[in-house]
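S.K.:
Protein chains: 2
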Amino acid sequence: MTLPHPTAEQISLPIVLAVLGDPTRLAIVRYLASKEGVPLNCSKFLDLASKTNLSYHLAKLREAGITRTEAVGTSRLITLRRDDLNNRFPGLLDSVIAAAEGDPALPAVGTAEVEVPV
Amino acid sequence: MTLPHPTAEQISLPIVLAVLGDPTRLAIVRYLASKEGVPLNCSKFLDLASKTNLSYHLAKLREAGITRTEAVGTSRLITLRRDDLNNRFPGLLDSVIAAAEGDPALPAVGTAEVEVPV
DNA sequence: TCCTTAGTTCAAAAGTTATTGAACAATTGG
DNA sequence: CCAATTGTTCAATAACTTTTGAACTAAGGA
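Order-wise, the sequence lines are chains R and W. Note that the numbering used here has the first sequence beginning at 1088, numbered continuously upward. Note that the numbering used here has the second sequence beginning at 1088, numbered continuously upward.
What follows is the structure in structure tokens.
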């Protein structure tokens, strides 16, 4: 079972920019980029917002074509659509990620989750 | 007399993205980029929106640090802050403009204004 | 089967942004 | 000075977006 995603051609520039123009979603994208290749589930982002609100933001990212969401069991595995975005808008995602990496004003993900050894 | 502009350091990534995430404003930026170096006044954009509404959108662009607005007589001369944006977010504006140039869904500026020779 | 985990959906409330028209201000040309 | 041109401000409204909590679904383990 797959959730609805736009095709690469359907990805719209103003929509991508508007969706990235939100600190919570930019923080999600920055974190996804920092864990490139590792599919993450929604709960990784609970630092940023409530479960319900995350569901909303992650749907926005998916509907804009910025992320891909795959249902696996009760989880959703989320990845960046780097290739599709790069084909459609060359250089855009990379420059956004680079800028986001250096932005201290964005909320952080994962700073609370230190694996505590037993 | 100069209108208030953010300094380069004050320019915020999410705000820039949110402000660019609007078709009218993206069309303004695309047109400014196509006339690089030539300062344009507000009336050039009347194809896109009413005078009042343009005033609003142009203020958003200025306050986000995307454009510079200079008052000259009763006119406002508007230019892109390309250098400041490039320093702050390298590659971002260029990729947005390149993507906007190829976007047929964006409203067009100036298609009605053909200089009629006498 | 029952419970837990993971996430969605829905409707309401809160907040924000866009659009409008009327009134205003400032400059410039006649 | 007067009128036209250029653009702003203000208040109202319309339209969207974000956030919330409660109720829900679906899968997986005990």
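Ideal Cβ positions, reconstructed from N, Cα and C, are used throughout, including at glycine.
1) Taking 8 Å as the CB-CB limit, is W:Ala1185 close to chain R?
2) Is any beta-carbon of chain W found at less than 8 Å from that of R:Gly1108?
3) Taking the Cβ atom as the reference point for each residue, do R:Leu1148 and R:Arg1112 lie within a distance shorter than 8 Å?
4) Check distances from the C-beta atoms of the region 1157-1178 of chain W to those of chain R and list, in chain order, the residues that come in under 9 Å.
5) Looking at the strands, I want to know which residues DSSP matches up with R:Val1159.
6) Work out the CA separation of R:Leu1141 and R:Leu1135 for me, nearest whole Å.
7) Using a Cβ cut-off of 8 Å (strictly closer), state whether R:Asp1190 contacts chain W.
8) For my contact list, W:Leu1100 and R:Asp1190 are in at a C-beta cut-off of 8 Å; report their separation, rounded to the angstrom.
9) Return the chain-ordered list of same chain residues with a C-beta closer than 7 Å to the C-beta of R:Ala1120, the five sequence neighbours on each side being excluded.
10) For R:Leu1167, which three-state DSSP category applies?
11) Find the nearest neighbour of R:Ile1102 within the set R:Thr1089, R:Ile1153, R:Lys1122, R:Val1125, judged by alpha-carbon distance.
12) Specify the secondary structure class of W:Thr1139 as computed by DSSP and reduced to three states.
13) What residue range is occupied by the uninterrupted alpha helix (DSSP H) comprising W:Ala1105?
14) Count the other CB atoms, across all protein chains shown, that sit within 10 Å of the CB of R:Gly1089; report buried if there are 16 or more and exposed otherwise.
15) Residues of the region 1088-1105 of chain W with a CB closer than 8 Å to any CB of chain R: list them in chain order, please.
16) In terms of residues, what are the limits of the alpha helix (DSSP H) holding R:Pro1110?
17) For R:Ile1098 versus R:Leu1172, is the C-beta spacing smaller than 8 Å?
18) Classify W:Val1106: buried if its beta carbon has 16 or more other beta carbons within 10 angstroms, exposed otherwise.
M.R.: Reading it off the structure:
1) True, the Cβ-Cβ gap to chain R drops below 8 Å.
2) True, the Cβ-Cβ gap to chain W drops below 8 Å.
3) Yes, they are a contact pair.
4) The region 1157-1178 of chain W vs chain R, Cβ under 9 Å: Arg1175, Phe1176, Pro1177, Gly1178.
5) DSSP, once it has assigned bridges, lists R:Ser1162 as partnering R:Val1159.
6) So the alpha carbons of these two residues sit roughly 8 Å apart.
7) R:Asp1190 counts as touching chain W.
8) Right, the Cβ-Cβ distance comes to about 5 Å (below 8 Å), so this counts as a contact.
9) Excluding residues within five positions, the ones whose Cβ falls inside 7 Å are Leu1167, Ile1184.
10) In the structure shown, R:Leu1167 falls within a strand segment according to DSSP collapsed to helix, strand and coil.
11) Sorting R:Thr1089, R:Ile1153, R:Lys1122, R:Val1125 by C-alpha distance to the C-alpha of R:Ile1102 places R:Ile1153 at the top.
12) Correct three-state label for W:Thr1139: helix.
13) From DSSP, the alpha helix (DSSP H) with W:Ala1105 extends over 1100-1107.
14) Before going on, a small fix: residue 1089 of chain R reads as Thr here, not Gly. Around the Cβ of R:Thr1089, a 10 Å sphere holds fewer than 16 other Cβ atoms; the residue is exposed.
15) So the close ones are Ser1099, Leu1100, Pro1101, Ile1102, Val1103, Leu1104, Ala1105.
16) For R:Pro1110, the enclosing alpha helix (DSSP H) stretches over residues 1110-1121.
17) Yes; because the gap between Cβ atoms is below 8 Å, this pair is in contact.
18) By the neighbour-count criterion, in which a residue is buried when 16 or more other Cβ atoms sit within 10 angstroms of its Cβ, W:Val1106 is buried.
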